[in-house]
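If you use the numbering used here, the sequence shown corresponds to residues 564 to 807, in order.
We put the CB at the ideal spot given by N, CA and C, even for glycine.
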Amino acid sequence: MRLDKFLSDMNLDSRSNLKKAIRKGNVTVDGQMVRDPGMAVLDGAKVAYYGKLVRYEAFQYYMLNKPAGVLSATSDRHQKTVMDLLPGERRTDLFPVGRLDKDTTGLLLITNDGDMAHRLLAPKSHVDKVYEALILGRVGSREIEAFQGGLIVDETFTAAPAGLEVISHPLSVDQTDRTLVRITIHEGKFHQIKRMFETVGMEVLTLKRLSMGSLILDPELPEGECRRLTEEELDTLENLIMKN
Ligand code: URA
């Protein structure tokens, strides 16, 4: 890997500033000053930036609390994407694991670990995704049973049995019935939860993802912000997908 890429993958500065720092002699490899940004860094080489050793991480993992109004995509010509919410200097191979609709909020994992993403998303892995939703209308046993039995959404999609739990019936100003529910699914079809509620004649007003497998949205993480996964979160997630 090129020296400038090695440093920029570690979010130290923009690629152009890193090139300048290298040319100015602020980077050493195995104790030797290197002025060529394109120099190939060999496995195990000790790279120091302004005298500080830089440890290379092949993979990075961020937990984002996605706000509404942002696309789950790596780039878009006109609209803000979840990648715009990551720290300024970030590696270019990161991507969101699965998609949340533009108006959906909550947990989104962003990584460059394609294998982990695949294992988390593959339906056969049966990784539970838990959502909280505010539904227009009164959700009751009819809907709970329908979700439990699996729903024929349309001719191309039958949703697998899903968990539906009523949390409360929040009062609305205009006295309309609303139900706060928790839904557990292990698939991730386009607009899945909204389409499942549509099938039982109800509308989703708000939708928020709370967890994905063992990864739980940090209640201290404000909407629109992200943080690195802790080692414990990562270990638990890795153990989970190894078992599936
Ligand atoms: N189901 C939906 O309908 N939308 C989402 O964003 C996620 C699950």
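Residue of the options minimising C-alpha distance to residue i
i	options	result
G787	K643, L743, N589, Y612	K643
A725	R758, Y612, T739	R758
L819	R682, D666, Y625	Shown here, the chain extends from 564 to 807; a query on residue 819 therefore has no answer.
L699	V744, H754, V693	V744
E695	L797, S731, G703, P650	S731
F720	R790, L697, Q755, C789	Q755
Residue environment, residue i, which counts as buried when at least 16 other CB atoms sit within 10 Å
i	result
E706	buried
N628	buried
R772	buried
V736	exposed
T668	buried
G776	buried
S571	buried
P782	exposed
S635	buried
L605	exposed
I715	exposed
L780	buried
L581	buried
Q595	exposed
P659	buried
Rounded separation between residue i and residue j - CA only
i	j	result
E750	G712	15 Å
P733	S577	48 Å
D639	D647	10 Å
T742	Q623	37 Å
G632	L671	14 Å
T655	M573	11 Å
L683	L770	20 Å
A680	K752	15 Å
L566	R598	10 Å
E620	A709	46 Å
Min CB distance residue i to chain D below 8 Å
i	result
Q755	Looking at the structure shown, chain D is missing, and only one protein chain is on hand.
- [ ] Give, in chain order, every unbroken run of the beta strand (DSSP E) that is at least 3 residues long and sits entirely within the stretch 682–714.
- [x] Segments of the beta strand (DSSP E) lying fully in the stretch 682–714: 692–699.
| query | Per the contact definition of three or more C-beta pairs closer than 8 Å, is the stretch 591–607 in contact with the stretch 674–682? | reply | Result no; under three Cβ-Cβ pairs closer than 8 Å.
Worksheet item: How about the stretch 763–770 and the stretch 679–690: do they share at least three Cβ pairs that are nearer than 8 Å?
Response: Output reads no: the stretch 679–690 does not touch the stretch 763–770.
Runs of beta strand (DSSP E) wholly within the stretch 584–625 (minimum 3 residues, chain order): The stretch 584–625 contains, as complete beta strand (DSSP E) runs of 3+ residues, the segments 590–592, 610–612, 615–617 (chain order).
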